[in-house]
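All remarks here apply to the structure that follows.
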Amino acid sequence: MALIRVVNEEVAHLAGGPLSRWSEPRPSQLAPREREVLHCLLEGDSDAQIAARLHVSRYTVNQYTKRIYRHFGVHACAALLARWVSRGWGNGSDWATAESLPRLEAHA
């Protein structure tokens with residue numbers, strides 16, 4: 000850790016000022032609509048289901064999904080879910096709650 004501190008101080012000196020601290024991406028940093036799509040993804044909804052639920056096109060869902068993956072540094076929904084669980088974010092306090100999202104009607 001001491002080496003990291005020394006390197007950080009030297010780089011800050013060369014850069015002419017203090018370096019900003021890197022912070023891990025958080026669900027709360029997403030836009031509201033991205034949080035809604037995230038919620039749906041974590042519930043296991045398909046792109047078509049998310050599109051119907053949020054009244055947007057599948058293309059729009061795909062674009063939001065790409066942004067969410069990029070935000071969390073993953074390339075697939077399984078990796079997103081693994082990161083979610085490993086970080087202990089499962090309590091829903093940082094993102095859209097289930098009550099705020101429209102439910103899909105079951106087709107009989």
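Using numbering that gives the first Met the number 0, read the sequence shown as starting at 0 and increasing by one per residue.
Ideal Cβ placement from N, Cα and C applies to all residues, glycine included.
- Separation of the CB atoms of residue 31 and residue 88 is rounded to 17 Å, and the pair is thereby denied contact status at 8 Å.
- Using a Cβ-Cβ distance cut-off of 8 Å, the segment 58-73 and the segment 31-44 are in contact, since at least three pairs of beta carbons, one from each stretch, lie closer than that value.
- In this structure, residue 29 lies near residue 70, with their beta-carbon atoms less than 8 Å apart.
- DSSP, reduced to helix, strand and coil, places residue 81 within a helical segment of the structure shown.
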